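Protein chains in written order, with my numbering: chain A, 46 to 469; chain B, 46 to 469.
Here a beta-carbon is modelled for each residue, glycine too, at the ideal position from N, C-alpha and C.
In this text, all values refer to a predicted model and were calculated from it rather than measured experimentally.
Below: one structure, written as structure tokens.
2 protein chains.
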Amino acid sequence: MGIVVQKYGGSSLADAGRIKEVARRIVESKKAGHDVVVAVSAMGDSTDELLELAEGVSPLPPARELDMLLTAGERISMALVAMAISDLGFTARSFTGSQAGVITDSAHGRAKIIDVTPGRISAAIADGHIVIVAGFQGVSQDTKEITTLGRGGTDTTAVALAAALGAAYCEIYTDVDGVFTADPRIVPTARRLERVSYEEMLEMAASGAKILHLRCVEYARRYDMPVHVRSSFSHKEGTWITPSQPGEEEAMEQAIIAGVAHDRSEAKITVVGVPDKVGEAARIFEALAASEVNIDMVVQNVSAAATGLTDISFTLPRTDGQQAMSALAGIQDEVGYEKLLYDDQVGKVSLIGAGMRSHPGITAKFFASLASAGVNIEMISTSEIRISVIVDEAQVDEAVRATHTAFELDATEVEAVVYGGTGR
Amino acid sequence: MGIVVQKYGGSSLADAGRIKEVARRIVESKKAGHDVVVAVSAMGDSTDELLELAEGVSPLPPARELDMLLTAGERISMALVAMAISDLGFTARSFTGSQAGVITDSAHGRAKIIDVTPGRISAAIADGHIVIVAGFQGVSQDTKEITTLGRGGTDTTAVALAAALGAAYCEIYTDVDGVFTADPRIVPTARRLERVSYEEMLEMAASGAKILHLRCVEYARRYDMPVHVRSSFSHKEGTWITPSQPGEEEAMEQAIIAGVAHDRSEAKITVVGVPDKVGEAARIFEALAASEVNIDMVVQNVSAAATGLTDISFTLPRTDGQQAMSALAGIQDEVGYEKLLYDDQVGKVSLIGAGMRSHPGITAKFFASLASAGVNIEMISTSEIRISVIVDEAQVDEAVRATHTAFELDATEVEAVVYGGTGR
Chain A
46 MGIVVQKYGG SSLADAGRIK EVARRIVESK KAGHDVVVAV SAMGDSTDEL LELAEGVSPL
106 PPARELDMLL TAGERISMAL VAMAISDLGF TARSFTGSQA GVITDSAHGR AKIIDVTPGR
166 ISAAIADGHI VIVAGFQGVS QDTKEITTLG RGGTDTTAVA LAAALGAAYC EIYTDVDGVF
226 TADPRIVPTA RRLERVSYEE MLEMAASGAK ILHLRCVEYA RRYDMPVHVR SSFSHKEGTW
286 ITPSQPGEEE AMEQAIIAGV AHDRSEAKIT VVGVPDKVGE AARIFEALAA SEVNIDMVVQ
346 NVSAAATGLT DISFTLPRTD GQQAMSALAG IQDEVGYEKL LYDDQVGKVS LIGAGMRSHP
406 GITAKFFASL ASAGVNIEMI STSEIRISVI VDEAQVDEAV RATHTAFELD ATEVEAVVYG
466 GTGR
Chain B
46 MGIVVQKYGG SSLADAGRIK EVARRIVESK KAGHDVVVAV SAMGDSTDEL LELAEGVSPL
106 PPARELDMLL TAGERISMAL VAMAISDLGF TARSFTGSQA GVITDSAHGR AKIIDVTPGR
166 ISAAIADGHI VIVAGFQGVS QDTKEITTLG RGGTDTTAVA LAAALGAAYC EIYTDVDGVF
226 TADPRIVPTA RRLERVSYEE MLEMAASGAK ILHLRCVEYA RRYDMPVHVR SSFSHKEGTW
286 ITPSQPGEEE AMEQAIIAGV AHDRSEAKIT VVGVPDKVGE AARIFEALAA SEVNIDMVVQ
346 NVSAAATGLT DISFTLPRTD GQQAMSALAG IQDEVGYEKL LYDDQVGKVS LIGAGMRSHP
406 GITAKFFASL ASAGVNIEMI STSEIRISVI VDEAQVDEAV RATHTAFELD ATEVEAVVYG
466 GTGR
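What follows is the structure, encoded as structure tokens:
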């Protein structure tokens with residue numbers, strides 16, 4: 046049956062009872078004939094508790110030591126899961142990221158996986174053990190220091206292990222039943238997707254869907270690793286994330302639209318009265334890049350002929366807002382713009398679907414649905430399989446619901462169950 | 046000035062405030078010109094909390110996974126101490142036992158240190174860093190598995206690092222001001238010893254003094270490493286444990302007696318009516334050894350001529366009591382003894398002093414002091430520098446006080462301060 050890699054997040058491992066439940070689920074897979082490798086996050090809120098301890102001794106702890114501290118969280122949960130499995134009569138071996146051969150670069154707190162050398166894991170599998178690996182962590186190639194992977198780290202660990210071990214697929218266990226056509230907290234009639242392509246999932250992740258982190262989906266796509274996102278609180282089938290099938294956009298049964306995503310984490314900055322000369326926009330975005338500010342959408346108005354001035358608007362994570370405003374203020378004289386406007390009361394609503402490649406009129410229908418719901422569009426950005434708009438934050442829910450209904454995504458009955466918090 | 050190794054136990058690292066205080070103390074040593082290497086225990090009660098978590102998922106967790114779990118405790122405290130040092134403007138690097146080169150055998154939960162290869166520590170010292178090492182843990186030589194050292198583990202880690210690094214001395218920071226002539230909770234007038242020899246400290250540790258574990262003192266003696274036991278809650282000088290000086294027993298100023306130790310952790314078993322034949326005692330103690338029961342004192346009565354039967358009494362840790370009684374019950378037919386008596390209401394009082402080698406009459410004076418205090422002696426055992434008696438547990442305090450006074454150990458004023466619990 047081959048190797049299956051499973052990932053369990055913090056909410057799936059919140060206490061002893063949950064850990065025992067996870068152990069039973071792992072053993073079920075083993076009994077079904079799989080070789081099982083499991084990546085685990087830290088229990089429940091334990092990462093936050095470790096961060097609090099760090100804050101207690103140092104306002105700005107060194108990144109190396111913060112990684113050393115935080116990796117204790119997964120170490121604790123992996124040992125407990127291994128114990129719970131042993132209690133069910135199966136043998137398990139837990140391994141730290143370093144022992145599991147998760148090799149990273151040296152960027153503490155946001156390390157990238159460079160290589161996976163799972164020799165010890167393979168040996169343990171060959172000996173008949175279930176293998177538990179600490180997610181979110183690795184060891185740096187050059188300095189042999191303990192590193193952490195940052196956001197989405199444990200999902201990425203699971204997919205990376207699956208790729209390195211040649212697993213049949215990777216199961217991401219979380220606290221929802223899969224990927225839905227919209228956030229069920231906003232759209233109670235959202236439907237679970239049986240399958241989405243890597244490309245659609247990437248666009249959904251980039252558009253604010255929190256179910257999987259972008260880097261994890263990117264990793265899965267690079268290695269063509271099928272990912273099954275499902276709940277650790279039920280035994281329902283979840284959502285499969287797989288390569289797009291040839292010609293599938295044309296098939297009648299394939300939905301045109303995969304879903305509606307939204308994102309409230311962005312702010313909008315407008316640089317007002319920029320002289321409409323070659324190189325002005327470049328200078329602005331160079332300054333932002335130098336401050337390590339991540340830009341999402343950009344819109345430049347048509348220059349007013351009378352003044353020769355234009356406005357440039359862009360969106361960025363709210364957490365980068367202050368940084369960006371300082372960087373821009375520093376080049377006001379150089380660029381000669383008039384003023385800066387900062388607006389963090391915006392939201393992004395995105396329509397995603399590989400089917401829109403071959404179906405014209407999607408954009409028009411999307412905008413019409415927003416208009417009839419009285420939602421004003423402030424900015425627009427598109428990709429081949431996504432349309433995103435920036436709207437007033439207060440209208441995000443209404444925009445999502447209107448779009449969901451307009452594209453006939455509503456289920457006839459409520460499918461979604463939200464079980465707990467969100468792990469890392 | 047060379048390298049100094051310091052050890053801080055759990056009570057010295059109970060919370061953020063204590064960790065900052067420890068960091069200040071470490072930085073003081075660095076400022077004084079030392080290269081400082083620190084071995085730390087887990088914070089306060091965190092080891093007990095981890096054990097509780099383990100109990101929650103498995104009544105009998107595998108030893109390998111228990112070690113994986115427990116080593117998270119020191120990982121957390123070492124990272125926090127390193128952060129607190131960094132906050133004081135000095136750089137620190139924390140290392141796990143494995144990273145620090147603490148090589149052990151494969152006995153999970155009670156591993157022995159086989160070798161110390163402190164390459165990374167030396168490199169970090171050369172780079173000017175303060176080094177923090179997780180105590181109580183190592184990595185097994187053959188299987189590269191994470192191990193823990195068991196009781197006294199962090200003290201032993203500190204002394205082993207000191208020996209491997211050629212440190213000038215090893216400071217064991219604890220919650221008392223040093224080694225006292227008796228337990229200050231029983232004898233308020235107990236005096237702090239400025240110096241004791243390894244041999245005396247070994248006998249005190251073996252006799253129930255909890256200040257240092259036997260194995261740590263053994264390690265220090267093997268490598269002639271001076272150990273300074275002192276409080277992390279004060280700046281007072283503590284007790285130096287060093288080699289005996291040539292001819293020091295004869296010197297007038299050297300106390301004959303180092304102190305009075307006591308131990309309430311033992312039980313006494315009497316095998317009544319053993320046929321007085323060659324090999325009977327051997328069979329009894331072979332059965333006990335096969336059950337991994339540790340024996341302390343042994344007394345065999347003179348055989349009664351009329352019956353040809355004798356009684357054999359021995360003491361052992363109370364925790365081994367049930368194990369021992371079962372083992373002995375299993376050989377009753379074979380040995381042909383009459384019955385077993387179990388008494389866990391006993392205590393051991395020991396008088397220790399290198400000076401007793403050259404001073405006759407110590408034993409007589411000890412017994413006389415017990416007699417005048419109305420304490421009945423149940424068993425006696427002696428070494429070259431120690432006399433131990435087993436007495437009724439209820440009379441232990443009285444026996445200790447009477448002995449302490451008889452040997453003129455009482456201070457004129459109270460010296461001892463007890464600051465907190467006891468770390469591991």
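{"Asked": "Quick check: L95 (chain B) and I191 (chain A), are their CB atoms within less than 8 Å of each other?", "Found": "no"}
{"Asked": "For the alpha helix (DSSP H) that contains A213 (chain A), what are its first and last residues?", "Found": "No alpha helix (DSSP H) holds A213 (chain A); DSSP gives it neither H nor E."}
{"Asked": "Would you say S139 (chain A) lies against chain B (beta-carbon separation less than 8 Å)?", "Found": "yes"}
{"Asked": "With DSSP as the reference, label L333 (chain B) as helix, strand or coil.", "Found": "helix"}
{"Asked": "Please compile the residues from chain B whose C-beta is within a distance smaller than 9 Å of the C-beta of K75 (chain A).", "Found": "Per Cβ cutoff of 9 Å: no residues; K75 (chain A) is ~16 Å from chain B at best."}
{"Asked": "So which residues on chain B does A129 (chain A) lean against when the C-beta distance must stay under 7 Å?", "Found": "V102 and S103"}
{"Asked": "Residues of chain B with a CB under 8 Å from the CB of L98 (chain A): which are they?", "Found": "A61, I121 and L125"}
{"Asked": "Would you decide whether Q182 (chain B) is buried or exposed? Buried here means 16 or more other CB atoms lie within 10 Å of its CB.", "Found": "buried"}
{"Asked": "Looking at C-beta atoms only, is the number of pairs between the segment 248-258 of chain A and the segment 390-401 of chain A that lie closer than 8 Å three or more?", "Found": "yes"}
{"Asked": "Is the shortest distance between the beta-carbon of D308 (chain B) and the beta-carbons of chain A less than 8 Å?", "Found": "no"}
{"Asked": "What's the gap between the Cα of I329 (chain B) and the Cα of R240 (chain B)?", "Found": "41 Å"}
{"Asked": "Once DSSP output is grouped into helix, strand and coil, what is the label at R309 (chain A)?", "Found": "coil"}
{"Asked": "Tell me whether G54 (chain A) sits in a helix, a strand or coil according to DSSP, three-state version.", "Found": "coil"}
{"Asked": "At least one CB of chain A closer than 8 Å to the CB of I71 (chain B): is that the case?", "Found": "no"}
{"Asked": "May I ask you to report which of helix, strand or coil DSSP gives V221 (chain B)?", "Found": "strand"}
{"Asked": "What residue ranges within the segment 138-183 of chain B form continuous beta strand (DSSP E) runs of no fewer than 3 residues, ordered along the chain?", "Found": "147-149, 158-161 and 175-179"}
{"Asked": "Quick one: what's H273 (chain B) bridged to in DSSP?", "Found": "B:E216 and B:W285"}
{"Asked": "Which chain B residues are close to M370 (chain A), counting only those with a beta carbon under 7 Å from its beta carbon?", "Found": "The contacting residues do not exist; M370 (chain A) stays about 30 Å from chain B at best."}
{"Asked": "When DSSP labels each residue in this structure, what does D388 (chain A) get in the three-state scheme?", "Found": "strand"}
{"Asked": "Please name the residue in A:R266, A:A306 and A:P163 whose C-alpha comes closest to that of V471 (chain A).", "Found": "Nothing can be reported for residue 471 (chain A): it is not among the residues displayed for chain A, which extend from 46 to 469."}
{"Asked": "When the cut-off is 8 Å and only beta carbons count, does K313 (chain B) lie next to chain A?", "Found": "no"}
{"Asked": "Measure the CB-CB distance between L58 (chain B) and V85 (chain B) and report whether it falls below 8 Å.", "Found": "yes"}
{"Asked": "Taking the alpha-carbon positions, what's the G55 (chain B) to A117 (chain B) distance?", "Found": "14 Å"}
{"Asked": "Excluding the five sequence neighbours on either side, which residues of its own chain have a C-beta within less than 8 Å of the C-beta of H356 (chain A), listed in chain order?", "Found": "The sequence given here places Asp at residue 356 (chain A); His does not occur at that position. The residues are T315, V316, V317, G318, V319, Q345 and N346."}
{"Asked": "Using 8 Å as the limit for Cβ to Cβ distance, is P107 (chain A) near chain B?", "Found": "yes"}
{"Asked": "Between K132 (chain B) and chain A, is any beta-carbon pair separated by less than 8 Å?", "Found": "The amino acid at residue 132 (chain B) is misidentified as Lys; the sequence shows Asp. Chain A contact via Cβ: present."}
{"Asked": "Would you verify that the beta carbon of M113 (chain B) is, or is not, closer than 8 Å to some beta carbon of chain A?", "Found": "yes"}
{"Asked": "Let me see if you follow: with CB-CB separation under 8 Å, is E110 (chain B) close to chain A or not?", "Found": "yes"}
{"Asked": "Got a sec? Which residues, its chain only, sit under 7 Å from P2 (chain A) by beta carbon, not counting five neighbours each side?", "Found": "The question about residue 2 (chain A) has no answer, for chain A in this structure spans 46 to 469."}
{"Asked": "Helix, strand or coil for F411 (chain A)? Go by DSSP, reduced to three states.", "Found": "helix"}
{"Asked": "Output yes if chain B places a C-beta closer than 8 Å to the C-beta of I148 (chain A); else output no.", "Found": "no"}
{"Asked": "Is the beta carbon of L238 (chain A) less than 8 Å from the beta carbon of G304 (chain A)?", "Found": "yes"}
{"Asked": "Closer than 7 Å, Cβ to any Cβ of chain A: which residues of the segment 188-215 of chain B, in chain order?", "Found": "none"}
{"Asked": "Near G381 (chain B), which residues of its chain fall below 6 Å by C-beta distance, leaving aside the five closest residues on each side in sequence?", "Found": "P320"}
{"Asked": "L95 (chain B) versus chain A: which residues are under 8 Å apart at the beta carbon?", "Found": "I121"}
{"Asked": "How is the beta strand (DSSP E) around V72 (chain B) delimited, first residue to last?", "Found": "No beta strand (DSSP E) contains V72 (chain B), which is instead part of the alpha helix (DSSP H) from A61 to K76."}
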